[in-house]
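What follows is one structure encoded as structure tokens, with my remarks underneath.
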Amino acid sequence: MSKMLYSAAMSVDGFIAGPGGDMSWLTGYLGPNPLVPELIASIGALLVGNRTFRGDDPHRGTPAEGKAFGGGWSGPQFVLTHNPPATPVRDVTFVTDLGDAVSRAKAAAGGKYVNIIGADVARQCLEAGVLDEVLVMVVPVMLGDGVRLFDHPGGATVGLERVGVSEGSPATNLWYRVAG
């Protein structure tokens, strides 16, 4: 059975994107991380937020722009949105309901992970009780402002159980299971 995994690169002060969703901060930190190829091989589908799908790209201006994991991964992508585009996008399915998006992504993942990309979709999955794991690649920089890894003012505490810790370059990888 496919599991739901939220993975993100994050600054030491807890941001996954700068102000306005700016991802240019990450460009200088896209060095080799031994965990990333393993992660990519374990992903069967992506569940992506609309703002993330239409947002900034740390690979802007390179041949990897617009490609998942900089072109390291390809496969079915499901974008959760209230406003699907009128024109289809190749290899992307737009879904308006979270439950439907999760079901379709899990079916497409074929027993591999459904990787969630986007803080708001991850928060929604957590609230719905369908988020299984969180992988954070902590990058040695402080952004000071932007999009937080998890932001839910007034929300409840969420317990996590450590699955693993590993060193990348330059990130430190922290992998957790969402505690029941």
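What the sequence shown shows, in this note's numbering, is residues 137 to 316, in sequence order. We treat Cβ as the ideally placed atom computed from N, Cα and C, and that holds for glycine. These numbers were taken from a predicted model, which means no experiment stands behind them.
With DSSP collapsed to three states, give me the class of residue i.
i: Glu201; result: coil
i: Asn251; result: strand
i: Val294; result: coil
i: Val172; result: helix
i: Leu141; result: strand
i: Val257; result: helix
i: Ala243; result: helix
i: Ala315; result: coil
i: Val283; result: strand
Are the CB atoms of residue i and residue j nearer to each other than 8 Å?
i: Ile252; j: Phe205; result: no
i: Leu171; j: Gln213; result: no
i: Gly295; j: Ala315; result: yes
i: Arg259; j: His288; result: yes
i: Gly254; j: Val184; result: yes
i: Asp236; j: Lys139; result: no
i: Val231; j: Phe189; result: no
i: Lys248; j: Ser302; result: no
Measure the C-alpha to C-alpha separation of residue i and residue j and round it to an integer number of angstroms.
i: Ser305; j: Leu162; result: 13 Å
i: Val238; j: Gly156; result: 27 Å
i: Thr229; j: Leu141; result: 19 Å
i: Pro220; j: Met278; result: 34 Å
i: Thr223; j: Gly191; result: 18 Å
i: Gly324; j: Val225; result: The chain is shown from 137 up to 316; residue 324 falls before or after that span and cannot be answered.
i: Thr308; j: Gly164; result: 15 Å
i: Gly208; j: Asn169; result: 13 Å
i: Thr293; j: Cys261; result: 15 Å
i: Arg187; j: Val274; result: 22 Å
i: Pro199; j: Pro276; result: 26 Å
i: Asn233; j: Val266; result: According to the sequence as given, residue 233 is Asp; it is not Asn. So the alpha carbons of these two residues sit roughly 14 Å apart.
Quick one: what's got a C-beta closer than 6 Å to residue i's C-beta in the same chain, skipping five residues either side?
i: Gly246; result: Gly180
i: Gly300; result: Trp311
i: Ala153; result: Met159, Gly282, Val283
i: Asp256; result: Gly185
i: Lys242; result: Ser138, Val250
Please confirm whether any heavy atom of the ligand MN lies closer than 7 Å to the CB of residue i.
i: Ser147; result: Only the bare structure without any ligand can be found here, which leaves the ligand MN out of the picture.
Per DSSP, what are the beta-bridge partners of residue i in this structure?
i: Leu216; result: Gly185, Val231
i: Thr308; result: Val274, Glu303
i: Ile179; result: Tyr249
i: Met146; result: Val274
i: Arg196; result: In the DSSP output, where bridge partners are listed per residue, Arg196 has none listed.
i: Glu269; result: Leu141, Arg313
Return the chain-ordered list of same chain residues with a C-beta closer than 7 Å to the C-beta of residue i, the five sequence neighbours on each side being excluded.
i: Val272; result: Ala144, Met146, Leu285, Leu310
i: Gly167; result: Ser305, Pro306
i: Ala244; result: Gly180, Ala181, Pro212
Using a Cβ-Cβ cutoff of less than 8 Å, which residues in the same chain neighbour residue i once the five nearest sequence positions on both sides are dropped?
i: Asp149; result: Met278, Leu279, Gly280
For chain C, check one thing: does any of its Cβ atoms lie closer than 8 Å to the Cβ of residue i?
i: Ile179; result: This model lacks chain C altogether; it includes just one protein chain.
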